[in-house]
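A.B. asks: Same order as they appear, the protein sequences are chains X and Z. Mapping of the first sequence onto the working numbering: position 11 corresponds to residue 11, and the numbering continues sequentially without gaps. Quick note, the working numbering runs 1000 ahead of the 1-based positions in the second sequence. Note that the Cβ used here is the ideal one computed from N, Cα and C, for glycine as well.
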Amino acid sequence: MSEDQQKGAKASDPLEPFRAMRDAYLDAMAKTMVEAVNTEAYAQASGAMLEGCLTTAAPFREAMEKSISQTLEHLSLPSRQEVAVLAERFTHVEMRLDDMDAKLDRIVKMLGREGRKPEPSEANAAKPAVGAKTVKPAAGLAGATAKRTAVRRRMVRPKPTGRTRK
Amino acid sequence: MEHAEVFPGTIEVLEARLRTLSRVMTTKAPIAQTPKELVWALNKSKLYRYIPVVPQEDRYRVPLLLIFALMNRPSILDLRPGNSFVEFMLSRGYDVYLLDWGAPGLEDQYLKLDDYAIDYLPRAIRKVKAISGVEEFSMLGWCIGAILTTIYAALRPDDGLRNLLLLTAPLDYGNRDGITFARWTDERYFDVDRVLAAFGNMPGEMIDYGAKALKPVENYITNYLKLWDNLDDPRVVESWHAMNTWVTDNIPMAGGAWRQLIVELYRHNRLIKNELMVRGERVDLSRIRASLLTVIAQGDHITPPCQSEALLSKVASRDTELYRIPGGHIGIMAGSAAPRTTWPHIDQWLSARSR
């Protein structure tokens, strides 16, 4: 924007001559309002207003919920509550899977420890028993987990933001 | 057309301003643009790892996990390119992870702080450790995120938490006269169970109204006048647009957690008194041993400084710092001064403790 246009913009702003006055007024009003909302009277009034809204809306909400659940039942569709219960069960399953993932991590870690190349002194001290299986050296904790995680990982690319109006 | 000669281009300028105003009021700005990958998910929670921009040999060894509040999107930590805390920390060589709690649904209405601090957070931390290959980690909690990280730090002091950074942490509710929310949510005026019976979760719009009503003139009038006054300045406009996009993206808070916040903390101040029980365990703040940085916003009206000051005397950590900074609850991390003040201080504090 050119300087001329900026001057024009300032000049075209009907509030420009009153800006200082406006800001001073708003500052004073802001302080008053902050004090006003931090009073027992405001807390009481806002509580009463909320209570009133909830009391007024309750019968409508109950009637609406009843009507919707009856309609869904007639259509043999699950209710919101039933879907919520299902979602809760999914979360429990997810948690169990996560627990298993943690156990797997621990096992891999232990295998990694057991499978590491022993120091010469350690090798002499602890010779494997006859018939014992050789444990293949496992990758380090980070590597092994990263491999498994990579399967589930997906890149998150920033979504282009669509404008609703040009 | 005499007026056009007196004020050259007036009509065009006005038209351009109105177009800009319309755009920022009706569209969403591209926020949270730093590239990241999803590495873990549970229910609505998602753990992201930001793609490092510094070669591994130059990066700090200890990963950093960011935990934001439950009732807002964590995108404020990565607001927009050039003004993003995440971007800044990546450029300084940190391995940055972000835990996004997501928006709770009806099925999550009974989730409590216990669930977030004991079920979700440790699992995400396990994943951070597994991916980074390091048993130690740093954790930054902001607002309610600071409550959750504090609870975790007290309950799991031997889990590898090396550095704990708390931003505007609402931990102490003792000074009731100084905390407007405490007054509003007093049991004489606010029936938390009635609200939750009606909605299940605490609606995001109500939380947003509560936060804005603390400073009604600033939030409902001055904020928009500031935009109007600066419509010709693209830097201010884009910054306002990004912030407005974040502010208007409200999410509900799980009913159980909201009830705990109001009853256990705002009304009975149990956390700072070491009386809060989480899954049958008492949250004893003296068990916190991690290095601790507490950042206080001096002009914070949501979490007044008095809510964060007492913690340092309650923990067992030997390495502690209380950092006060001018600014508001969000402004200290996302305001125009943050890249020159808060962020470098956090980096300076953390860098010495992340090797």
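Determine whether the beta carbon atoms of S1354(Z) and S1138(Z) lie at a separation below 8 Å.
C.D. replies: Taking 8 Å as the Cβ cut-off, S1354(Z) and S1138(Z) qualify as a contacting pair.
A.B. asks: Taking DSSP's pairing of strands, which residues face K1046(Z) in a bridge?
C.D. replies: Bridge partners of K1046(Z): A1041(Z), D1100(Z).
A.B. asks: Excluding sequence positions up to five away, which residues of its chain have a Cβ less than 7 Å from the Cβ of K66(X)?
C.D. replies: Cβ within range, chain order: n/a, list empty.
A.B. asks: Given that a residue counts as buried once 16 or more other Cβ atoms are within 10 Å of its Cβ, and exposed if not, what is I1011(Z)?
C.D. replies: Burial call: exposed.
A.B. asks: If you draw a straight line from the C-alpha of L1079(Z) to the C-alpha of T1342(Z), how long is it?
C.D. replies: Cα to Cα, L1079(Z) sits roughly 15 Å from T1342(Z).
A.B. asks: When DSSP labels each residue in this structure, what does Y1173(Z) get in the three-state scheme?
C.D. replies: Y1173(Z): coil per DSSP, three-state reduction.
A.B. asks: What is the DSSP secondary structure of T1248(Z), counted as helix, strand or coil?
C.D. replies: Here T1248(Z) sits in coil by DSSP.
A.B. asks: Determine the direct distance from the alpha carbon of L1070(Z) to that of Y1323(Z), and round the result to whole angstroms.
C.D. replies: Between Y1323(Z) and L1070(Z), the C-alpha separation is close to 24 Å.
A.B. asks: Give me the chain Z residues within the contact set of T91(X), using Cβ-Cβ distance strictly less than 7 Å, ordered along the chain.
C.D. replies: Ordered by position in chain Z, the residues that pass the 7 Å Cβ test against T91(X) are N1043.
A.B. asks: Beta carbon of P1252(Z), beta carbon of G1204(Z): below 8 Å?
C.D. replies: Taking 8 Å as the Cβ cut-off, P1252(Z) and G1204(Z) qualify as a contacting pair.
A.B. asks: Let me check you understand the geometry: is the CB of K1212(Z) closer than 7 Å to at least one non-hydrogen atom of the ligand FAD?
C.D. replies: The ligand FAD is absent from the structure shown, which contains no ligands of any kind.
A.B. asks: Could you tell me which chain X residues have their CB closer than 7 Å to the CB of W1184(Z), listed as they occur along the chain?
C.D. replies: Correct list: A43, S46.
A.B. asks: Run down chain X in chain order and give the residues with a C-beta less than 8 Å from the C-beta of T1180(Z).
C.D. replies: Under the 8 Å cutoff, chain X gives V37, N38.
A.B. asks: Between R1287(Z) and G1174(Z), what straight-line distance do the alpha-carbon atoms span, to the nearest angstrom?
C.D. replies: If you take the alpha carbons of R1287(Z) and G1174(Z), they lie about 21 Å apart.
A.B. asks: How about R1194(Z): is its C-beta nearer than 8 Å to some C-beta of chain X?
C.D. replies: Yes, R1194(Z) counts as interfacial toward chain X.
A.B. asks: Name the two residues that bound the continuous alpha helix (DSSP H) containing I1207(Z).
C.D. replies: 1204-1213 is the span of the alpha helix (DSSP H), which, as asked, contains I1207(Z).
A.B. asks: Using CA coordinates, which residue listed in E16(X), D23(X), A20(X), S46(X) is at the minimum distance from L1214(Z)?
C.D. replies: Closest by alpha carbon: S46(X).
A.B. asks: Does the CB of A1198(Z) have a neighbour CB from chain X at under 8 Å?
C.D. replies: A1198(Z) counts as touching chain X.
A.B. asks: Starting from A30(X), find everything on chain Z with Cβ-Cβ shorter than 9 Å and list it in chain order.
C.D. replies: Those are K1215, P1216, V1217, E1218, I1221, T1222, listed as they occur along chain Z.
A.B. asks: What are the residues in the segment 72-87 of chain X lying within 9 Å of chain Z by C-beta distance?
C.D. replies: So the close ones are R80, Q81, V83, A84, V85, L86, A87.
A.B. asks: Would you grab the beta carbon distance between A1290(Z) and L1161(Z) for me? Rounded to a whole angstrom, and I think it's under 8 Å.
C.D. replies: Sure, about 5 Å apart at Cβ, within 8 Å.
A.B. asks: Buried or exposed: where does M1243(Z) fall if 16 or more other Cβ atoms within 10 Å of its Cβ makes it buried?
C.D. replies: Classification of M1243(Z): buried, given that the 10 Å Cβ count is 16 or more.
A.B. asks: With three or more C-beta pairs closer than 8 Å as the rule, is the segment 1221-1235 of chain Z touching the segment 1182-1190 of chain Z?
C.D. replies: No: the two stretches stay apart, fewer than three of their Cβ pairs being nearer than 8 Å.
A.B. asks: Which chain X residues sit within Cβ distance under 9 Å of D1191(Z)?
C.D. replies: What D1191(Z) touches in chain X: G47, L50, E51, L54.
A.B. asks: Quick check on DSSP: helix, strand or coil for A1352(Z)?
C.D. replies: Coil at A1352(Z), not helix or strand.
A.B. asks: Spatial neighbours of V1278(Z) within its chain, please: CB distance less than 8 Å, with the 5 preceding and 5 following residues excluded, ordered by chain position.
C.D. replies: So the list reads L1113, D1114, A1117, I1118, I1151, L1155, once near-sequence residues are dropped.
A.B. asks: Determine the burial state of P1304(Z): buried for a count of at least 16 other Cβ atoms within 10 Å of its Cβ, exposed for fewer.
C.D. replies: With 16 or more other Cβ atoms within 10 Å, it is buried.
A.B. asks: Determine whether the beta carbon atoms of N1201(Z) and Q1298(Z) lie at a separation below 8 Å.
C.D. replies: For N1201(Z) and Q1298(Z), no; Cβs fall outside 8 Å.
A.B. asks: Which residues in the same chain have their Cβ closer than 6 Å to the Cβ of R1092(Z), if we skip the five residues on either side of it in sequence?
C.D. replies: Counting only Cβ-Cβ distances below 6 Å, and skipping sequence neighbours, we find D1347.
A.B. asks: Which of helix, strand or coil does DSSP assign to R113(X)?
C.D. replies: Helix.
A.B. asks: Would you mind sorting A144(X) into buried or exposed? The rule is 16 or more other CB atoms within 10 Å of its CB.
C.D. replies: Because A144(X) sits at a pLDDT of 42, beneath the cut-off of 50, its placement in the model cannot be relied upon, and the following sentence gives the value as read from the coordinates. With 16 or more other Cβ atoms within 10 Å, it is buried.
A.B. asks: Using beta carbons (cut-off 8 Å, strictly below), is L1148(Z) in contact with chain X?
C.D. replies: Not one chain X Cβ lies under 8 Å of L1148(Z).
A.B. asks: For chain Z, check one thing: does any of its Cβ atoms lie closer than 8 Å to the Cβ of R218(X)?
C.D. replies: A question about residue 218(X) goes unanswered here, because the residues of chain X that appear run from 1 up to 166.
A.B. asks: At a cut of 8 Å, does the segment 1048-1061 of chain Z reach the segment 1091-1105 of chain Z through at least three beta carbon pairs?
C.D. replies: Yes, the segment 1048-1061 of chain Z is in contact with the segment 1091-1105 of chain Z.
A.B. asks: So, at 8 Å on beta carbons, what are the nonlocal neighbours of L1312(Z) in its own chain, with the 5 sequence-adjacent residues on each side left out?
C.D. replies: Here the set comprises L1292, T1294, T1320, L1322.
A.B. asks: Using a Cβ-Cβ distance under 8 Å, would A1130(Z) count as near chain X?
C.D. replies: Yes, contact with chain X.
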